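Heads up: the sequence lines are chains A and B, in that order.
Residue 68 in the working numbering sits at position 58 of the first sequence, and the numbers go up by one each step.
Residue 75 in the working numbering sits at position 65 of the second sequence, and the numbers go up by one each step.
Number of protein chains: 2
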Amino acid sequence: MKDFKVIEIKESVFADNDRDAELLRGELKEKGVFLLNLMSSPGAGKTTTLMKTIDALRDKVKIGVMEADIDSDVDARTISESGAKVIQLHTGGMCHLDADMTRQGLREMGTDDVELAILENVGNLVCPAEFDTGAVKNAMILSVPEGHDKPLKYPLMFSICDVVLINKIDVLPYFDFDMEKCREYILTRNPAAKIIPISARTGEGIDEWAGWLLEEVNKWCK
Amino acid sequence: MKDFKVIEIKESVFADNDRDAELLRGELKEKGVFLLNLMSSPGAGKTTTLMKTIDALRDKVKIGVMEADIDSDVDARTISESGAKVIQLHTGGMCHLDADMTRQGLREMGTDDVELAILENVGNLVCPAEFDTGAVKNAMILSVPEGHDKPLKYPLMFSICDVVLINKIDVLPYFDFDMEKCREYILTRNPAAKIIPISARTGEGIDEWAGWLLEEVNKWCK
Numbered sequence: 011m012k013d014f015k016v017i018e019i020k021e022s023v024f025a026d027n028d029r030d031a032e033l034l035r036g037e038l039k040e041k042g043v044f045l046l047n048l049m050s051s052p053g054a055g056k057t058t059t060l061m062k063t064i065d066a067l068r069d070k071v072k073i074g075v076m077e078a079d080i081d082s083d084v085d086a087r088t089i090s091e092s093g094a095k096v097i098q099l100h101t102g103g104m105c106h107l108d109a110d111m112t113r114q115g116l117r118e119m120g121t122d123d124v125e126l127a128i129l130e131n132v133g134n135l136v137c138p139a140e141f142d143t144g145a146v147k148n149a150m151i152l153s154v155p156e157g158h159d160k161p162l163k164y165p166l167m168f169s170i171c172d173v174v175l176i177n178k179i180d181v182l183p184y185f186d187f188d189m190e191k192c193r194e195y196i197l198t199r200n201p202a203a204k205i206i207p208i209s210a211r212t213g214e215g216i217d218e219w220a221g222w223l224l225e226e227v228n229k230w231c232k
Numbered sequence: 011m012k013d014f015k016v017i018e019i020k021e022s023v024f025a026d027n028d029r030d031a032e033l034l035r036g037e038l039k040e041k042g043v044f045l046l047n048l049m050s051s052p053g054a055g056k057t058t059t060l061m062k063t064i065d066a067l068r069d070k071v072k073i074g075v076m077e078a079d080i081d082s083d084v085d086a087r088t089i090s091e092s093g094a095k096v097i098q099l100h101t102g103g104m105c106h107l108d109a110d111m112t113r114q115g116l117r118e119m120g121t122d123d124v125e126l127a128i129l130e131n132v133g134n135l136v137c138p139a140e141f142d143t144g145a146v147k148n149a150m151i152l153s154v155p156e157g158h159d160k161p162l163k164y165p166l167m168f169s170i171c172d173v174v175l176i177n178k179i180d181v182l183p184y185f186d187f188d189m190e191k192c193r194e195y196i197l198t199r200n201p202a203a204k205i206i207p208i209s210a211r212t213g214e215g216i217d218e219w220a221g222w223l224l225e226e227v228n229k230w231c232k
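Put into structure tokens, the structure is as follows:
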């Protein structure tokens, strides 16, 4: 039996998403809920990274996860195995979430027992970058097999993220991935970006990432 | 010095893209030009696969390539090294190409000396699937590091493609990728899909793919 809800998200009626996102951030601040928006290409490792993040932080902060997908509930099913609170959001074909869609998800998930809410956005490096979800921080995952040139090709995504996790570093020997060039390309677009190489599979780098996240949650919720 | 043009594509004014795509296919049929629409996630290996495809077919068919990207000209630069005719299309932030945008690209590239025109679409598994580009055939690349569950999560993309290339099979030993499950998930969505495992790096499977493509070009242009 499933122990998570599957919600069909409705398209927003708000014309001014930026304003709505600011409103949502205000509501979350008042409730003491930190919202993280996690983005990446399909298959970069969002769900596996989340599993490791939950493992690292479960005793320190109350976590709720919203898994957004066009279809299927494979990610919510995986996350539910961690014991974390989770809900599956279906976007009905839509390629991104905006602030009102995120609000629908938060409402259905419930935030009374949540300090850290994590939105796993649709796997896409283009559209999600254009819509402020109301998150306090944006994080993205670039995985080694995708190549170090991606910041050149998807500049907006890299420029709006507070943190870039470079995942799958355990397979670095098998790919032509130049970590120094990648850093340089990211920082050209976003000099303030924090860059953390990780392997969600082996756990390398997860402590640094979880530490950063916990610090941000504590700053926001205090 | 660059030996390719960079074009800023304009947003289409056509309301009925499906009809416009049919018109474009008719125009191409008359001119004897076969258009392939190649799609994938960011970093799945579209450009490397194209390089190997050009190598395999350059003596058999006249090829022209349109590299669509939000920004940068890294892909056109790479393809131009193959000696093939190439043009870079910038979509101005847009996450897909439709038929009229494709027509703009074909016009700027010129098709008098082209039998096989290849559109490398924007790296994205969501939006490009929703817009018929006027292509005769749709192909997509799923790469091993992305995982075998992607057909469950991006059903439309897998259902509209005539061919699914499963790329980066040279790194299969380093990933938990179940080829049989992947085939099953693809065929559930699209029983007619042709599935070809390849490695654009080692060249494995390229002959089968290039053979299929050449046969389709010959059928269309005869």
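Note that beta-carbon positions come from the ideal geometry of N, C-alpha and C, so glycine has one too.
Source: prediction; values computed, not measured.
Reference residue i, options the options, closest by Cα
| i | options | result |
| --- | --- | --- |
| A/T212 | B/W219, B/A203 and B/F185 | B/F185 |
| A/I128 | A/V16, A/N134 and A/V96 | A/V96 |
| B/L126 | B/F24, B/S169 and B/A145 | B/A145 |
| A/C137 | B/T101, B/N27 and B/D110 | B/T101 |
| A/T59 | A/I208, A/G221, A/W222 and A/K229 | A/I208 |
| A/A149 | A/F141, A/M167, A/P155 and A/G157 | A/M167 |
| B/M104 | B/D122, B/E118, B/E91 and B/G133 | B/G133 |
| B/E194 | B/V174, B/A210 and B/D180 | B/V174 |
| B/S169 | B/I151, B/C192, B/P201 and B/F14 | B/P201 |
| B/V75 | B/C171, B/L38, B/D172 and B/L116 | B/L116 |
| B/V124 | B/V154, B/V16 and B/C231 | B/C231 |
| B/L48 | B/D28, B/F141, B/D65 and B/E32 | B/F141 |
| A/E156 | B/S51, B/A203, B/E18 and B/D28 | B/S51 |
| A/L42 | A/G93, A/G55, A/T121 and A/I176 | It is Gly, not Leu, that sits at residue 42 of chain A in the sequence shown. Nearest of A/G93, A/G55, A/T121 and A/I176 to A/G42, Cα basis: A/T121. |
| B/I17 | B/N177, B/K204 and B/Q114 | B/Q114 |
| A/D172 | A/L99, A/L223 and A/R29 | A/L223 |
| A/I206 | A/N228, A/E225, A/N131 and A/I176 | A/I176 |
| A/S153 | A/V71, A/D110, A/E190 and A/A54 | A/A54 |
| A/D180 | A/I19, A/I216, A/K39 and A/L99 | A/I216 |
| A/D13 | A/E218, A/D85, A/I151 and A/K147 | A/D85 |
| A/L107 | A/K178, A/F24, A/D69 and A/I64 | A/F24 |
| B/N228 | B/L45, B/L135, B/K191 and B/A109 | B/L45 |
| B/G93 | B/D83, B/M111 and B/R68 | B/R68 |
As assigned by DSSP and simplified to three states, the class of residue i
| i | result |
| --- | --- |
| A/A54 | coil |
| A/K41 | helix |
| A/V136 | coil |
| A/M11 | Residue confidence is low: A/M11 scores 49 on pLDDT, short of 50, so the model does not pin down where it sits. Its coordinate-derived value is still stated next. The answer is coil: DSSP assigns A/M11 none of H, G, I, E or B. |
| B/I208 | coil |
| B/A127 | strand |
| A/G213 | coil |
| B/R68 | coil |
| A/A25 | coil |
| A/D159 | coil |
| B/C105 | coil |
| B/D30 | helix |
N-terminal and C-terminal residue of the beta strand (DSSP E) that residue i is part of
| i | result |
| --- | --- |
| A/L152 | K147 to S153 |
| B/L182 | Per DSSP, B/L182 belongs to no beta strand (DSSP E) and is neither H nor E. |
Residue i - partner residues in DSSP beta bridges
| i | result |
| --- | --- |
| B/H100 | B/E18 and B/D79 |
| A/G74 | A/K95 and A/A127 |
| A/N177 | A/S153 |
| B/L46 | B/I128 and B/K147 |
Residue range of the unbroken alpha helix (DSSP H) whose run includes residue i
| i | result |
| --- | --- |
| B/G115 | A109 to M119 |
| B/N200 | Where B/N200 is concerned, there is no enclosing alpha helix (DSSP H), given that its DSSP letter is neither H nor E. |
| B/K229 | I216 to C231 |
| A/D85 | V84 to S90 |
| A/F168 | P165 to I170 |
Near the ligand NAD: residue i beta-carbon under 7 Å from a heavy atom
| i | result |
| --- | --- |
| B/I64 | You won't find the ligand NAD in this model; it holds no ligand whatsoever. |
*Stretch-stretch touch, CB-based, cutoff 8 Å, three pairs: the region 151 to 164 of chain A with the region 66 to 82 of chain A*: no
*Below 8 Å, can you find three or more Cβ-Cβ pairs linking the region 174 to 191 of chain A to the region 178 to 196 of chain B?*
yes
*Does the region 46 to 61 of chain A come close enough to the region 81 to 90 of chain A that 3 or more CB-CB pairs lie under 8 Å?*
yes
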